[in-house]
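Counting from -4, one number per residue, gives the positions in the sequence shown under the working numbering. All residues carry an ideal CB built from backbone N, CA and C; glycine is no exception. All remarks here apply to the structure that follows.
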Amino acid sequence: MARKPMMAGNWKMNNAIGEAVVLTQEISNNWRKDWEDKVDVVICPPFVDLKPVKTVLEFDKTKIFVGAQNVYWEEAGAFTGEVSVPMIRECGCDYCIVGHSERRGLFGETNEDVNKKVRALLGGRLAPIVCVGESLAVRDEGTTNEYVCAQVKAAFAGVDADDAAKCVVAYEPVWAIGTGRTATPEQAEEVCAAIRAQLAVLFGEETAQAMRILYGGSMNPGNVDVLVAEPDIDGGLIGGASLKRDSFIQLVKAVMQ
Ligand code: 13P
C-alpha cells in the first residue's frame, strides 16, 4: 500500500514568537501547491507559537499542518501549567507529538501517561504522533524490538483500529537524538518493521499497512534518502535540521521523490 509520506519538524524549546513567524513564513514561501498530494508537512513549535504560526499559514493558504509537542489529557480545570486538547485544537493544531523521549526521560512521562494523551487526542479529533525508542543500554542488551513494541502496545491500549489508522508512530532511538549519530537504514528498518508487525497484531494487517511510521534521530539532508528508501520508513520527525529553512525544505523534498 502506498502511504503518503510525512515530514514533521519538532522545534522543541526553540524559536520565540518572532523567530517562529519568520521561519514559518520562509517555509511557507517555499511551499508549492503540488506538494499537497505528495507529502504532509507538519510544524510542531512550542505552545506559545502555535497560534502565530497557524495565522501565517492561514494567511498564505499553504497546506502545512501544525502540531503541538505535548498535551494534557484532562479538558480543563486545576492543572497548573498544563494545556488541553481543546486548547491546542483552537490554536489550529491537527497533530500532537506524544511520548517524546525527552518528555519520558526528563519529565517522567510513563507509558500510561502516553496512553491517556493518545486517547484524549483521538477523542478531540486530533492525530497523535506517538514516539517510541530505546536507550543505548536497551540496544546493547539486544532487546530493542521487544522494548519498542511494548511501548507501542501500551500507547495504543484501548484504541480501536479506526482511530489507530489516524495515528502516526515515530521511531526515535534515544541514542540518535541530537547526537549526530543516526541509526543505519538497516537498524531503523528492522525496528520500524517490528513496529508495523506489532500494529498488525493490534489492529489487523490493513490498518498496520495504512499507518505511517517515521524515523527520528539526527536525520538530515545528507542521510534522509537512504532512510526513507526503506519500505517501513514513511518520513521523518526532525529536531535540529527543522530549525533552518534550507535543511527542512530539503528534507521535505527528499521524501516527496
Ligand atoms: P534531532 O533531529 O535533533 O536528532 O532530534 C530528533 C527528535 O528528537 C525529533 O523529535
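* To do: For my contact list, Glu184 and Glu225 are in at a C-beta cut-off of 8 Å; report their separation, rounded to the angstrom.
  => Translated into positions along the sequence shown, residue 184 becomes position 189. Translated into positions along the sequence shown, residue 225 becomes position 230. About 4 Å separates the two Cβ atoms, so the contact holds.
* Does DSSP classify Ser79 as helix, strand or coil? -> The residue you call residue 79 lines up with position 84 of the sequence shown. Ser79 falls in the strand class under three-state DSSP.
* Just grab the DSSP bridge partners of Asn5 for me. => Your numbering for residue 5 matches position 10 in the sequence shown. DSSP output for Asn5 lists Cys39 as bridge partner(s).
* If you run the structure through DSSP and keep just helix, strand and coil, what is Ala189? -> Translated into the one-based positions of the sequence shown, residue 189 becomes position 194. Note: Ala189 maps to helix in three-state DSSP.
* Asked: Is Ser23 near ligand 3, going by C-beta to nearest heavy atom under 6 Å?
  -> Although ligand 3 was asked about, the structure shown includes only ligand 1 as ligands.
* For the alpha helix (DSSP H) containing Ile12, list its first residue and its last residue. => By 1-based counting over the sequence shown, the position of residue 12 is 17. Where Ile12 is concerned, the enclosing alpha helix (DSSP H) stretches over 12 to 25.
* To do: For Arg240, name the three-state secondary structure that DSSP assigns.
  => In the sequence shown, counting from the first residue as 1, residue 240 sits at position 245. It is helical.
* Could you please give me the residues that DSSP links to Cys126 through a beta bridge? => Position 131 of the sequence shown holds residue 126. Answer by DSSP bridge pairing, in chain order: Ala165.
* Which term fits Leu194, buried or exposed, when burial requires 16 or more other beta carbons within 10 angstroms of its beta carbon? -> On the sequence shown, position 199 is the one that residue 194 refers to. Under this definition Leu194 is a buried residue.
* To do: Look at the alpha carbon of Thr105 and the alpha carbon of Glu167, and state the distance between them as a whole number of angstroms.
  => Here residue 105 is taken as the residue at index 110 of the sequence shown, counted from 1. Here residue 167 is taken as the residue at index 172 of the sequence shown, counted from 1. Those two C-alpha atoms are separated by around 16 Å.
* **First through last residue of the beta strand (DSSP E) which encompasses Gly62** => As a position in the sequence shown, residue 62 is number 67, starting the count at 1. 60 to 63 is the span of the beta strand (DSSP E), which, as asked, contains Gly62.
* Contacting residues, own chain, Cβ-Cβ under 6 Å from Val163 (five flanking each side not counted) -> Position 168 of the sequence shown holds residue 163. The answer, listed in chain order, is Ile124, Arg207.
* Any heavy atom of ligand 1 closer than 6 Å to the CB of Leu232? -> As a working note, residue 232 is residue 237 in the sequence shown. It does: the Cβ of Leu232 is within 6 Å (strictly closer) of some heavy atom of ligand 1.
* Classification of Asn65 by the beta-carbon crowding that lies within 10 angstroms, buried from 16 upward -> Taking the sequence shown and counting its residues from 1, the one referred to as residue 65 is at position 70. So Asn65 counts as buried.
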